[in-house]
């Protein structure tokens, strides 16, 4: 059976970043920058005071205390236009331009106003000046294409004097549930019916990554119903089907979509849960088929769909390895499939994350999955792991 | 000077969760649940097969191999309506109801179809049946008020047969920049002007927490301008002002808003950066005044604004302590103010996060802040900390 790594390589093969669009900086949060961004100005644009106080000449405060004549003030937005001469000081505020002739800032706690003058009690030559361009210089590239725009990146982009940014278009994902037995939430259920829940979990996962979701509804277990709804989602970058993919006789989705031109890349993965996952291309569209079981489906979302979205967004790969955590209990040896064990965490006094696999790993337990806060990743044929061993985890925040 | 902990206690005092609203489950991602949510059904609603295979009577497969007559099938959504009698088997699929009379599932790999019958080669009495209610039972509360709705919680809520959820109203935050020298991004700047960048950083931070932002624009350094714009944001739960709060003579915001009824709780905090932060009440509205310096302003956002939003959302307090990381370099002793040091991380092979403070902690460096991925929290008067020591950090993801 195909390993997860091999399956993921096939899923990502040829998946190029989407086109771009311009958005206002106030609407760019969470979007992915699609261009290297260069500063449109130099910051600070002038030598600036780092403190409230007085701008002076170092030569005038070599001997202390020194009494200087206050000849004006320099505020942020209203600099002192003249030149500081010998024996003079200028009242100055944080961020304001240091006047010509001045080379030192005396902080106000070290000075005492006296009539038209100021008595300087302490000064360090050259201190408390932020040189022009200390933060950044015009033309300098400070944010790279592939960056997810978080609060600090957006603050920086604004500081660089950008009002609009070029970002990747949001990936569109159409979600198609299947199954005669599946009904929408909120309805009165027939005896053998179950509620459609996977679309809502996957939709939230996609939104958290910056994708756009189209819910296509629930197809009946017949080819016409599947084809009709799948075509409705034809404009999406990714079509996700739920269910209809195991080896039972009622698994129609793959066969039906072959008739639509599905070029299947794989139909089974050595993972647990999630074995019946399939993947292929429908023309330009990627098709990811996740199992009908909710826990399996969402695990496949974390393992396959999130990397697909990152590829479409051109997100710079976060090469940080999966984080490690300490086992709070022994784990048995693993079987032949990579196991994504639902687990909960606690934190030791020394800051270590201690993880315990849920007592039942039955993939039908949706309530237990909601209580888990990470997945322990157990490679195929992993030997038993004792309490205290370090294991790789996928944190489940979103 | 007021400690950060004391300041935060004053900020949060009396801050009660906002009102509620009903939203469709497909629009509830990231919202905070405002009610305990009970299951509207039992899951699975019947004893269900955990595998594809055959439903049999354990008594019939005590001696193996055993040949049984296949009398029908039970699929998800279409159960077998009869009762299984001695010597009979029913073809069954994962998730389908176990027929009356059956008590064991034989997986298909252990059975061989033969005409109208099946030869069972291996069976374990009682195996591969998910008992009714194994996941959850009708009436059981599975999601608590105060839960942030992530993909797994939403999948569970749908599984519980909820089509709508009661969530907290989004906190509204109005942001008012101030300063004669401050100009909107994208404009041609005058000699002494600087770009308004803080509103875009704070807006993203607020959105990431599930708040709604109103950008009020930039007030001039005169009382009328400040009052006019502040009143425009009168309907917000929180008014954030930027700048105009240090001890310089040009700091008008506090005095101006006193005239509007500002009841000031504090105007200085023993933190670095962020000392000139102020906080008070304007009637029902909370007023948070952050420094004009971008780095200081956003640090105050993480330290004060995020907890305020959590309180308004009724978010269950995450009592996980701040995570720890290992110092990659020595740190000097800290001064009298709590220091939020901008730092970058790398990961050791053993999974430890290793943090290094940026070489310059000058709070005017916006570009460097964008490169940081955490803040090292140094308490007041902390002694020197050697390389390898563990320190508390605030991760900067959003």
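Residue numbers (the numbering used here), protein chains in the order written: chain A, 1 to 398; chain B, 1 to 398. All residues carry an ideal CB built from backbone N, CA and C; glycine is no exception.
Using Cβ-Cβ distances below 9 Å, what residues of the region 104-130 of chain A are close to chain B?
-> 108 and 130
Taking Cβ positions only, does residue 203(A) come closer than 8 Å to chain B?
-> Taking the first residue of the first chain as position 1, residue 203(A) is located at position 203. Yes, because at least one Cβ of chain B sits closer than 8 Å to the Cβ of residue 203(A).
Which one of 324(B), 89(B) and 125(B) has the shortest CA to CA distance from residue 117(B)?
-> Residue mapping note: residue 117(B) aligns to position 117 of the second chain, counting from 1. Among 324(B), 89(B) and 125(B), the Cα nearest to that of residue 117(B) belongs to 89(B).
What do you get for residue 69(B), buried or exposed, if any count of 16 or more other CB atoms within 10 angstroms of its CB means buried?
-> The sequence position of residue 69(B) within the second chain is 69, counting from 1. With fewer than 16 Cβ atoms within 10 Å of its Cβ, residue 69(B) is classed as exposed.
Can you find a C-beta in chain A that's less than 8 Å from the C-beta of residue 278(B)?
-> Along the second chain, one-based indexing puts residue 278(B) at 278. With 8 Å as the cut-off, residue 278(B) does not count as an interface residue toward chain A.
Of all the residues that make up the region 8-39 of chain B, which are near chain A by a beta-carbon distance shorter than 7 Å?
-> 25, 26 and 29
Less than 8 Å separating the beta-carbons of residue 345(A) and residue 368(A)?
-> As a working mapping, residue 345(A) is identified with position 345 in the first chain. As a working mapping, residue 368(A) is identified with position 368 in the first chain. For residue 345(A) and residue 368(A), no; Cβs fall outside 8 Å.
When DSSP labels each residue in this structure, what does residue 9(B) get in the three-state scheme?
-> Counting from one through the second chain, the residue named residue 9(B) turns up at place 9. Helix, per DSSP.
If residue 216(B) sits next to residue 298(B), beta carbons under 8 Å apart, how far is it from one beta carbon to the other, in whole angstroms?
-> Start at 1 with the first residue of the second chain, and residue 216(B) comes out as number 216. Start at 1 with the first residue of the second chain, and residue 298(B) comes out as number 298. That pair is no contact at about 18 Å.
If you draw a straight line from the C-alpha of residue 138(B) to the C-alpha of residue 45(B), how long is it?
-> As a working mapping, residue 138(B) is identified with position 138 in the second chain. As a working mapping, residue 45(B) is identified with position 45 in the second chain. So the alpha carbons of these two residues sit roughly 9 Å apart.
By DSSP, does residue 366(B) sit in helix, in strand, or in coil?
-> As a working note, residue 366(B) is residue 366 in the second chain. Three-state DSSP puts residue 366(B) in a helix.
Chain A beta carbons: is any one of them nearer than 8 Å to that of residue 161(B)?
-> Indexing the second chain from 1 puts residue 161(B) at position 161. Yes, contact with chain A.
Stretch pair the region 333-349 of chain A + the region 162-169 of chain A: three plus CB contacts closer than 8 Å = no
Could you name the residues of chain A that residue 369(B) contacts, counting a contact when the two beta carbons are closer than 8 Å?
-> As a first step, residue 369(B) is located in the second chain; it is residue number 369 there, counting from the start. Those are 152, 155 and 156, listed as they occur along chain A.
Interface partners of residue 193(A) on chain B, CB under 7 Å = Reading the first chain from its first residue, position 193 is the one you call residue 193(A). Under the 7 Å cutoff, chain B gives 77.
Could you tell me how far apart the beta carbons of residue 281(A) and residue 287(A) are, in whole angstroms, since I believe they sit closer than 8 Å?
-> What you label residue 281(A) is simply residue 281 of the first chain in a count that begins at 1. What you label residue 287(A) is simply residue 287 of the first chain in a count that begins at 1. The Cβ separation is near 7 Å, so the contact holds.
Three or more C-beta pairs closer than 8 Å, one from the region 141-159 of chain B and one from the region 16-36 of chain B: is that the case here?
-> yes
Tell me whether the beta-carbon of residue 31(A) lies closer than 8 Å to the beta-carbon of residue 210(A).
-> Walking along the first chain from the start, residue 31(A) turns up at place 31. Walking along the first chain from the start, residue 210(A) turns up at place 210. Contact flag set, yes.
What did DSSP end up calling residue 196(A) once you bin it into helix, strand or coil?
-> In the first chain, residue 196(A) corresponds to position 196, counting from 1. Coil at residue 196(A), not helix or strand.
Residue 366(A) CB to nearest chain B CB: under 8 Å?
-> On the first chain, residue 366(A) is found 366 positions in, with the first residue counted as 1. Yes, because at least one Cβ of chain B sits closer than 8 Å to the Cβ of residue 366(A).
Touching by the beta-carbon criterion (3+ pairs, under 8 Å), the region 261-275 of chain A and the region 230-238 of chain A | no
Given residue 257(B) as reference, the closest of 112(B), 102(B) and 178(B) once Cα atoms are compared | By 1-based counting over the second chain, the position of residue 257(B) is 257. Of the candidates 112(B), 102(B) and 178(B), the one whose C-alpha sits nearest the C-alpha of residue 257(B) is 178(B).
Report buried or exposed for residue 171(B), applying the criterion of at least 16 other Cβ atoms within 10 angstroms of its Cβ.
-> Reading the second chain from its first residue, position 171 is the one you call residue 171(B). So residue 171(B) ends up on the buried side.
Which residues mark the beginning and the end of the alpha helix (DSSP H) in which residue 231(A) is found?
-> The count along the first chain starts at 1 and reaches residue 231(A) at position 231. From DSSP, the alpha helix (DSSP H) with residue 231(A) extends over 223-232.
The beta strand (DSSP E) spanning residue 346(A) covers which residue range?
-> If you number the first chain from 1, residue 346(A) lands on position 346. Taken as a continuous stretch (DSSP letters only), the beta strand (DSSP E) holding residue 346(A) covers 338-347.
Are residue 277(B) and residue 176(B) close, meaning C-beta to C-beta below 8 Å?
-> Residue mapping note: residue 277(B) aligns to position 277 of the second chain, counting from 1. Residue mapping note: residue 176(B) aligns to position 176 of the second chain, counting from 1. Their beta carbons are not under 8 Å apart, which means residue 277(B) does not touch residue 176(B) by this criterion.
In terms of residue numbering, what span does the alpha helix (DSSP H) encompassing residue 256(A) cover?
-> Start at 1 with the first residue of the first chain, and residue 256(A) comes out as number 256. Looking at the DSSP string, the run of the alpha helix (DSSP H) that includes residue 256(A) is 253-258.
Residues bridged to residue 266(B) (per DSSP) = Mapped onto the second chain, residue 266(B) falls at position 266. 279(B).
Kindly list, in the order they appear in chain A, the residues whose Cβ is closer than 7 Å to that of residue 135(B).
-> Position 135 of the second chain, counting from 1, holds the residue named residue 135(B). Correct list: 364, 365, 366 and 367.
Apart from the five residues on each side of it in sequence, which residues of its chain come closer than 6 Å, Cβ to Cβ, to residue 47(A)?
-> In the first chain, residue 47(A) corresponds to position 47, counting from 1. The residues are 98, 129, 131 and 132.
Within chain B, the residues that residue 185(A) reaches when beta carbons sit closer than 7 Å = Locating residue 185(A) in the first chain gives position 185, counting from the first residue. Ordered by position in chain B, the residues that pass the 7 Å Cβ test against residue 185(A) are 25, 158, 161, 162 and 163.
On the three-pair Cβ rule with 8 Å, is the region 9-25 of chain A touching the region 189-208 of chain A?
-> no
Proximal residues of chain B, C-beta to C-beta of residue 200(A) below 7 Å = In the first chain, the residue the question calls residue 200(A) occupies position 200. Near residue 200(A) (Cβ distances below 7 Å), the residues of chain B are 25, 26, 154, 155 and 158.
Three-way DSSP call (helix, strand, coil) for residue 132(B) in this model = As a working mapping, residue 132(B) is identified with position 132 in the second chain. Looking at residue 132(B) - three-state DSSP - the assignment turns out to be coil, as it is neither helix nor strand.
Using alpha carbons as the reference points, say which of 174(A), 159(A), 392(A) and 113(A) lies closest to residue 207(A).
-> Within the first chain, numbered from 1, the residue matching residue 207(A) stands at position 207. If we check each option's Cα against that of residue 207(A), 174(A) comes out closest.
Should residue 275(B) go down as buried or exposed, given a rule of 16 or more other Cβ atoms within 10 Å for buried?
-> In the second chain, counting from the first residue as 1, residue 275(B) sits at position 275. Buried, since its Cβ has 16 or more Cβ neighbours within 10 Å.
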